[in-house]
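Notes for the one structure printed next.
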Amino acid sequence: MGDMRAIADRVEIEALRAELTDAVMMRDFDRAVSLFTPEGVMRWPHIDKEFVGREELRAGIEWGQSLWEFFVQNVHPGVIRLDGDTAAGRAHIQEFGRMRDGSSHLNYALYHDRYERTADGWKFSERVYEVRYLDSTPLQGSAPQRLD
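Okay, here's the thing in structure tokens:
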């Protein structure tokens, strides 16, 4: 039975990571912060930003997304290390988009994550973003007009 619990935990953590990516891409900031523990932390060391607790997390995610004309994030599975009701892991990230100031952005990065099992399922307790490669060459394409 223990092996089945570990398999279920890994599937649930992967679903958590996918849910957060979808919430951010869809600009559903309330859903995004609901995926963190109440005292959850997100750190973006490359721009010296840290957000602690759901209120700061929501404001930080909303602020970050407000900088983009368009933004695309692709998340690729990484390692998950289970330890009872906590876990640690990494997700591999590729992002691109154009900022509202006209600058372009393409990067490859990692999220270093900590997870906690709660009564509502697995949640992020910490997410630290590490940029490994950055390209600011102007993007040649454009985003289609939004219909909403």
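Our numbering puts the first residue of the sequence shown at 554, with every later residue one more than the last.
For glycine and all other residues, C-beta sits at the position ideal for the given N, C-alpha and C.
> Cα-Cα, which of Thr639, Met652 and Arg634 is closest to Trp616?
Replying inline: Here residue 616 refers to the residue found at position 63 when the sequence shown is read from its first residue. Considering only alpha carbons, the answer is Met652.
> According to the Cβ coordinates, are Gly642 and Tyr668 closer than 9 angstroms?
Replying inline: Residue mapping note: residue 642 aligns to position 89 of the sequence shown, counting from 1. Residue mapping note: residue 668 aligns to position 115 of the sequence shown, counting from 1. Result yes, Cβ atoms of Gly642 and Tyr668 sit closer than 9 angstroms.
> Whose CA, out of Glu565, Phe624 and Arg596, lies closest to the CA of Pro697?
Replying inline: The count along the sequence shown starts at 1 and reaches residue 697 at position 144. For the residues Glu565, Phe624 and Arg596, the minimum Cα distance to Pro697 belongs to Phe624.
> Which ranges does the beta strand (DSSP E) cover as unbroken runs of at least 3 residues, wholly within the segment 654-701, from first to last along the chain?
Replying inline: When DSSP assignments are scanned along the segment 654-701, the uninterrupted stretches of beta strand (DSSP E) that are 3 or more residues long and fall wholly within it turn out to be 657-671 and 674-688.
> Leaving out the 5 sequence neighbours to the left and right, which residues in its chain are closer than 6 angstroms to Ile614 when beta-carbon positions are compared?
Replying inline: Taking the sequence shown and counting its residues from 1, one reaches residue 614 at position 61. Only Phe582 and Ala585 meet the Cβ criterion.
>> Classify Tyr664: buried if its beta carbon has 16 or more other beta carbons within 10 angstroms, exposed otherwise.
In response: For this step, residue 664 is matched to residue 111 along the sequence shown. So Tyr664 ends up on the buried side.
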